[in-house]
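Trainee:
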Amino acid sequence: MIALPRPSTLFLAAVTALVAVLLYSPLFVPIVSSFFTISHGDVDWSSPTLSSYQALAGNNDILAALRTTLIVGLCTVVLSVVSGTLLALYYHGGRSGRSILQFIIFLPFLMPPIISGLALLIFFREIGLERSLLTVVIGHTVFVLAIVYRTVLMRLQSMSRTLVEASYDLGATAWQTFWRVILPNLSSAMVGGAILAFALSFDETMITILVTGTQSTLPVRLWAMMRLGFSPDINALVALILMFTVLLCVLAARFLVPQQMAMERS
Amino acid sequence: MSLLAAVLAFALPVVFVVVPLALFLVYSFFSVDQGTIVYAPTLGNYVRFVTDSIFVPVFWNTIVLCVSVAIICILIAYPAAYLLTTLKGRWRYALLMLLLVPLLMSYVIKIYAIRSILGLNGFLNKALVALGILQQPSTLFVFNMNAILLTLSVLLIPFAILPIFLSLERIPQTLLRASDDLGASGLQTFLRVTLPLSLPGVVSAASFVFVLAIGDFLTPQMVGGVSGFTFGRILYSQFGTAYNWPFGAALSVALAVVVICAILIGERFGRNRGTSV
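Respectively, the protein sequence lines represent chains P and R.
So in my numbering, the last spot in the first sequence is 266, and the numbers never skip.
So in my numbering, the last spot in the second sequence is 1277, and the numbers never skip.
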């Protein structure tokens, strides 16, 4: 871009600063509240405390919800990475009906979650499947599948065909080529997709509210608690989750970005 | 072998995506009689949606609300995205990451935090009073349509930044230099070259933000109060208190139609055409 005159640069910087404030202030509220007591909107800066973190350690309700969220997240990751990778391989193989299949995979991601969730709710009811963690995992997998699928497919499409051809020329069977050549090349995309899938599952609220049984995941638990307002230990949890999420972002960036940059350079 | 592969590939997506959505569509033609669902086809739900004096106005107001959210997001996101493209190398992507990271933070928590910022004792009121803009704290910003508008805008800004940034980044430097060489001022170059070439990104951004805003139930439910009644909330209530699943399904179909239109518009006009010089 050509350098603009000064006033416009200032304007751009001011708006960008505003965007940063708008985006980050909702994140700072719980973090600040986790260390300081707040009454009637005033922060008492004089006495930082870790008491909310201690309270969190004793809040079995929330810890159970956290455990449920992690279980659901891990199941979702396994299911979506396996099926997403297989579906990407199917598409990449130029098989029949692949564009329709791709459209179906993207549908739940494009539709508002309230529609995907309600559709699944009715579906589970009609086939007589009791609402439980299983239905939550199915809902999450359907939702995040598109992301894993797309991440793996992009890697497949950027992979050089010569690698596979070389493998065949050297006498490898189709299986050997898959395990020794294709899969290792896909692994970092699969890990990146898995992290994204986990992050989405971890935060998924709408579909979960609709298809969950008696056990609730963390966002659903928080959603239910919101009517009453949060206790300080929730802020501690939120602060911890934010740190954890930042860590996930950094990891996802490590697995996904270097390859893309390398691709752009080549 | 290839038939088997096709059956396996299609099995799960068809069972868990196509069948539920199709069933949902079918449900919208059923009706409810005294708490039980009557499995006989009827257009009654759609007739009720169109003729009842409640639903169409709420539907329309929600669409207007979400278009406003999209406009606000674009007006704020465009300058930020533009600033990003003026940065060099590493800084550009670092700042982009910084503006996208809040997306991955808990949605429910963000809504809660924004609500407390907008509230009567919230930071926004405190700041406005301190600046002398307001005489006393106002309830203008919470539990009404304004609150939904502001909260959704804040939540969805990153979705507007990314597509606009991508389309700005794709504009060839040579075009801008040519414009400069031909004697255009910075403003002229922006208005005549940069802005038109970035419009596809703006349309994609608008489509993204609109679709996410209109499909959202959590935000209006949490910050909308009694007066901020959106279509998503009416829809949800059909599955809760009103207990009329078929009617709720019909409302969802109406919502889906709007969403599909928005996505198609985004696809049709949002493609970056003619910029790959």
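Virtual Cβ for every residue (Gly too), placed ideally from N, Cα, C.
Given the structure is predicted, the values throughout are model-derived calculations rather than measurements.
1) For Ser-1031 (chain R), which residues in the same chain have their Cβ closer than 6 Å to its Cβ, ignoring the five residues on either side in sequence?
2) Would Lys-1088 (chain R) be called buried (16 or more neighbouring beta carbons within 10 Å of its own) or exposed?
3) Since Val-1031 (chain R) is in the alpha helix (DSSP H), which residue starts that stretch and which ends it?
4) Run through the DSSP bridge pairs and tell me what Val-1038 (chain R) is partnered with.
5) If Pro-1020 (chain R) sits next to Ala-13 (chain P), beta carbons under 8 Å apart, how far is it from one beta carbon to the other, in whole angstroms?
6) Candidates P:Leu-186, P:Met-111, P:Asn-60: which alpha carbon is nearest Ala-88 (chain P)'s?
7) Is there at least one Cβ from chain R nearer than 9 Å to Tyr-168 (chain P)'s Cβ?
8) If I follow the unbroken alpha helix (DSSP H) through Val-32 (chain P), where does it start and stop?
9) Just checking my contact of Leu-1175 (chain R) with Val-1193 (chain R) at CB under 8 Å: how many whole Å lie between their CB atoms?
10) Please decide whether Pro-1102 (chain R) counts as near chain P, where near means a Cβ-Cβ distance under 9 Å.
11) So, does the CB of Ser-1068 (chain R) fall closer than 9 Å to a CB anywhere in chain P?
12) Hey, would you say Ala-197 (chain P) sits closer than 9 Å to Val-81 (chain P), going by beta carbons?
13) Within the same chain, show all residues whose beta-carbon is closer than 6 Å to that of Leu-1128 (chain R), passing over the 5 residues directly before and after it, in chain order.
14) So which residues on chain P does Ala-1256 (chain R) lean against when the C-beta distance must stay under 9 Å?
15) Runs of 4 residues minimum, wholly inside the stretch 70 to 118 of chain P: which ones carry the alpha helix (DSSP H) assignment?
16) Flag Trp-1091 (chain R) as yes if its beta-carbon sits less than 9 Å from any beta-carbon of chain P, otherwise no.
17) Can you list the residues of chain R that Phe-123 (chain P) reaches, using a CB-CB cut of under 7 Å?
18) If you draw a straight line from the C-alpha of Thr-217 (chain P) to the C-alpha of Ala-1262 (chain R), how long is it?
19) Which chain P residues sit within Cβ distance under 7 Å of Lys-1088 (chain R)?
20) Could you name the residues of chain P that Ala-1130 (chain R) contacts, counting a contact when the two beta carbons are closer than 8 Å?
21) Starting from the Cα of Glu-126 (chain P), find the closest Cα among R:Leu-1199, R:Phe-1016, R:Val-1257, R:Phe-1010 and give me that residue.
22) For Val-1226 (chain R), name the three-state secondary structure that DSSP assigns.
23) Give a yes or no on contact between the stretch 164 to 183 of chain P and the stretch 1076 to 1087 of chain R, applying the rule of three or more CB pairs nearer than 8 Å.
24) Among R:Ala-1178, R:Val-1259, R:Gly-1270, R:Phe-1143, which one has its Cα closest to the Cα of Val-1226 (chain R)?
25) If Phe-1210 (chain R) and Cys-1066 (chain R) are in contact, beta carbons under 8 Å, what's the gap, nearest whole angstrom?
26) To the nearest angstrom, how far is it from the Cα of Tyr-1027 (chain R) to the Cα of Leu-18 (chain P)?
Mentor: For this structure:
1) If we look at Ser-1031 (chain R) and ignore the five residues flanking it on each side, its Cβ neighbours are Val-1038, Thr-1042, Gly-1044, Pro-1246.
2) Lys-1088 (chain R) comes out exposed.
3) Note on identity: in this sequence residue 1031 (chain R) is Ser, with Val being the wrong assignment. Run containing Ser-1031 (chain R): none in the alpha helix (DSSP H); it sits in the beta strand (DSSP E), 1031 to 1033.
4) Paired residues: R:Ser-1031.
5) Taking 8 Å as the upper bound for CB-CB distance, Pro-1020 (chain R) and Ala-13 (chain P) are not in contact here, some 48 Å apart.
6) Minimum Cα-Cα distance from Ala-88 (chain P) among the listed residues P:Leu-186, P:Met-111, P:Asn-60 corresponds to P:Leu-186.
7) Answer no: the Cβ-Cβ gap between Tyr-168 (chain P) and chain R never drops below 9 Å.
8) Val-32 (chain P) -> alpha helix (DSSP H) spans 6 to 35.
9) That belief holds up - the Cβ atoms of Leu-1175 (chain R) and Val-1193 (chain R) are roughly 6 Å apart, short of 8 Å.
10) Residue-level contact check: Pro-1102 (chain R) touches chain P, since one or more beta carbons of chain P fall below 9 Å from its beta carbon.
11) Ser-1068 (chain R) does not count as touching chain P.
12) Taking C-beta atoms as the reference points, Ala-197 (chain P) and Val-81 (chain P) count as a pair closer than 9 Å.
13) So the list reads Leu-1134, once near-sequence residues are dropped.
14) Ordered by position in chain P, the residues that pass the 9 Å Cβ test against Ala-1256 (chain R) are Met-111, Pro-112, Ile-115.
15) Segments of the alpha helix (DSSP H) lying fully in the stretch 70 to 118 of chain P: 98 to 110.
16) Chain P contact via Cβ: absent.
17) Within 7 Å Cβ-Cβ: Val-1019, Pro-1020, Leu-1023.
18) One C-alpha to the other measures close to 32 Å.
19) Chain-order list of chain P residues neighbouring Lys-1088 (chain R): empty, with the shortest C-beta distance near 10 Å, by a criterion of under 7 Å.
20) Those do not exist, as Ala-1130 (chain R) stays about 13 Å from chain P at its closest Cβ, beyond 8 Å.
21) It is R:Phe-1016.
22) Three-state result, Val-1226 (chain R): coil.
23) Taking a contact to require three or more Cβ pairs closer than 8 Å, the stretch 164 to 183 of chain P and the stretch 1076 to 1087 of chain R do not qualify as touching.
24) For Val-1226 (chain R), the nearest C-alpha among the options comes from R:Phe-1143.
25) Between Cys-1066 (chain R) and Phe-1210 (chain R) the Cβ distance is about 5 Å, and since that is below 8 Å, they are a contact.
26) Taking the straight line from one Cα to the other gives about 46 Å.
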